[in-house]
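Numbers 18 to 279, taken from our numbering, label the letters of the sequence shown in order.
Beneath this line is the structure, given in structure tokens, with notes to follow.
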Amino acid sequence: MKIFLVALMFFSLTNNSWGLREPRAMPIDSRLRVLVYNPEDVFKFIGFYGYQASMEFDDTEVIESISMGDSIAWQVVPSGKRLFLKPVEPNATTNMTLITNKRVYHFELHAKDAIDINDPEMIFNVKFIYPDEDFNANIKNYASSSQLPDLDHPEKLNFNYTLSGADSISPIKIFDDGEFTYFEFRDKNAEIPAFFLIDSTGKEALINYRVAGKYIVIERVASQFTLRNGADIVCIFNEVRPIDNELLNKPSQLNASKRIDK
Numbered sequence: 018m019k020i021f022l023v024a025l026m027f028f029s030l031t032n033n034s035w036g037l038r039e040p041r042a043m044p045i046d047s048r049l050r051v052l053v054y055n056p057e058d059v060f061k062f063i064g065f066y067g068y069q070a071s072m073e074f075d076d077t078e079v080i081e082s083i084s085m086g087d088s089i090a091w092q093v094v095p096s097g098k099r100l101f102l103k104p105v106e107p108n109a110t111t112n113m114t115l116i117t118n119k120r121v122y123h124f125e126l127h128a129k130d131a132i133d134i135n136d137p138e139m140i141f142n143v144k145f146i147y148p149d150e151d152f153n154a155n156i157k158n159y160a161s162s163s164q165l166p167d168l169d170h171p172e173k174l175n176f177n178y179t180l181s182g183a184d185s186i187s188p189i190k191i192f193d194d195g196e197f198t199y200f201e202f203r204d205k206n207a208e209i210p211a212f213f214l215i216d217s218t219g220k221e222a223l224i225n226y227r228v229a230g231k232y233i234v235i236e237r238v239a240s241q242f243t244l245r246n247g248a249d250i251v252c253i254f255n256e257v258r259p260i261d262n263e264l265l266n267k268p269s270q271l272n273a274s275k276r277i278d279k
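Have a look at this one:
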């Protein structure tokens, strides 16, 4: 079993036919963002005058070349797997193509003035995460060939889960086999939320998942997970191994807890 310390958020295709991706904020500090790599996407980045930001790529990557539409308007400094950049001229909207020893990235760059350093759109760092080690493989083929849960013996599975939160990102089925946890959603083509593990102190940690058929698979079993997509939040509770109620990290303004049917 391969468990990553850094999360994988694998998104299905959305209704955005242009494939433009914007960084998602981390729950602790919105100035730290994540982006899921897809070679067919263009990644949108907003820089702020007077502030530098960085992009962080895979540990095995080294930046080899950068091509800017407007190289005067931006200050760009590569360093190993990182890229430091900031806008320095007005009207800095442009594009950028970045090539590493492993991948090609396409960016749409914008620049604006910040309200202050706590501007809600401010970005300090964008970290890329990746759906699989073979980035040129067909995602759907990978998903269909992944190991599926053994539903022929439901008595060996734990379906005793409850949840609270937004219906828009709530799974319709949750269970575990003692090793992995499986989530099924209403619309298999919908954008999948980010998954967070809640530890014994109530802290969130972004976690890896993969796709197996119609299931999202977390390669571990836990007492509580949190799902996030923008302002939508769902808390999921494993009733077989609950955390102390005083430590549960429950988001505010959630619906009443409800049990998931088998």
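Built from N, CA and C at the ideal position, the CB exists for glycine as well.
Contact the region 168-178 vs the region 102-121: 3+ CB pairs below 8 Å: Contact check between the region 168-178 and the region 102-121: fewer than three CB pairs, one atom from each, fall below 8 Å, which does not count as touching.
Proximity to D194 [Cα-Cα], best of V53, D136, A239: Taking the first residue of the sequence shown as 1, we reach residue 194 at position 177. D194 has its Cα closest to that of A239, out of V53, D136, A239.
Residue interval of the beta strand (DSSP E) (run including R227): Residue mapping note: residue 227 aligns to position 210 of the sequence shown, counting from 1. It spans 227-229 - the beta strand (DSSP E) in which R227 sits, taken as one unbroken run.
9 Å Cβ cutoff met for F62 and I140: As a working note, residue 62 is residue 45 in the sequence shown. As a working note, residue 140 is residue 123 in the sequence shown. Yes, they are a contact pair.
Endpoints, the beta strand (DSSP E) within which R245 is located: As a working mapping, residue 245 is identified with position 228 in the sequence shown. Here the beta strand (DSSP E) through R245 covers 241-246.
Candidates D216, P188, I235, R245: closest to P259 by CA position: Taking the sequence shown and counting its residues from 1, the one referred to as residue 259 is at position 242. Nearest option by C-alpha distance: D216.
Alpha-carbon to alpha-carbon, A128 and F242: Along the sequence shown, read from residue 1 onward, the residue named residue 242 stands at position 225. Along the sequence shown, read from residue 1 onward, the residue named residue 128 stands at position 111. Cα-Cα distance, rounded: 36 Å.
For V105, the residue or residues it bridges with in DSSP: Reading the sequence shown from its first residue, position 88 is the one you call residue 105. Paired residue(s): none; V105 is not in a bridge.
Nearest neighbour of T179, chosen from V257, D87, S47, V93 [CA to CA]: Counting from 1 along the sequence shown, the entry for residue 179 is found at position 162. Comparing Cα positions, the closest option is V257.
Alpha-carbon to alpha-carbon, K231 and L37: Looking up residue 37 in the sequence shown gives position 20. Looking up residue 231 in the sequence shown gives position 214. In this structure, the straight-line span from the alpha carbon of L37 to that of K231 is close to 25 Å.
Distance between G219 and Y66 (C-alpha atoms, nearest Å): Position 49 of the sequence shown holds residue 66. Position 202 of the sequence shown holds residue 219. Using only the alpha carbons, I get a separation of about 37 Å.
Buried or exposed (CB count within 10 angstroms, at least 16 for buried), K119: In the sequence shown, residue 119 corresponds to position 102, counting from 1. Burial call: exposed.
For V79 and G97, believed in contact at Cβ under 8 Å, the rounded distance: In the sequence shown, the residue the question calls residue 97 occupies position 80. In the sequence shown, the residue the question calls residue 79 occupies position 62. With 8 Å as the limit, G97 and V79 qualify as a contact, their Cβ atoms being about 6 Å apart.
Own chain partners of S187 with C-beta closer than 7 Å, once the 5 adjacent residues on each side are dropped: Mapped onto the sequence shown, residue 187 falls at position 170. Same-chain partners within the cutoff: L180, V251.
Length of the line joining the Cα atoms of K190 and F200: For the purposes of this step, residue 190 is taken as residue 173 along the sequence shown, with counting starting at 1. For the purposes of this step, residue 200 is taken as residue 183 along the sequence shown, with counting starting at 1. Cα to Cα, the separation comes out at about 6 Å.
Bridge partners - E138, DSSP secondary structure assignment: As a working note, residue 138 is residue 121 in the sequence shown. Bridge partners of E138: none, in fact.
Anticipated Cβ contact below 8 Å, S71 with T114, distance rounded: Sequence index remark: in the sequence shown, residue 71 carries index 54 (1-based). Sequence index remark: in the sequence shown, residue 114 carries index 97 (1-based). That belief does not hold up - the Cβ atoms of S71 and T114 are roughly 18 Å apart, past 8 Å.
Cβ shell of R50 (< 8 Å), same chain only, five flanking positions each side left out: Working through the sequence shown from its first residue, we reach residue 50 at position 33. Contacts found: P40, R41, A42, M43, I140, N142, V143, K144.
For T110, the nearest candidate out of P56, F124, E221 (CA to CA): As a working note, residue 110 is residue 93 in the sequence shown. Distances from the CA of T110 to each of P56, F124, E221 were compared; the closest alpha carbon is that of F124.
Nearest-angstrom beta carbon gap, S88 and I116 [assumed within contact, 8 Å]: Sequence index remark: in the sequence shown, residue 116 carries index 99 (1-based). Sequence index remark: in the sequence shown, residue 88 carries index 71 (1-based). About 15 Å; that fails the 8 Å criterion.
Beta-carbon proximity check, I132 vs Y68, cutoff 9 Å: Reading the sequence shown from its first residue, position 115 is the one you call residue 132. Reading the sequence shown from its first residue, position 51 is the one you call residue 68. No, the pair does not count as a contact, with Cβ atoms beyond the cut-off.
Alpha carbon of D58 to alpha carbon of R237, nearest angstrom: Counted from its first residue, the sequence shown places residue 58 at position 41. Counted from its first residue, the sequence shown places residue 237 at position 220. Near 30 Å, if we compare the C-alpha coordinates of R237 and D58.
Cβ shell of L52 (< 7 Å), same chain only, five flanking positions each side left out: Locating residue 52 in the sequence shown gives position 35, counting from the first residue. Excluding its 5 nearest sequence neighbours in each direction, L52 has C-beta neighbours in its own chain below 7 Å: R38, P40, F60, V143, F145, listed in chain order.
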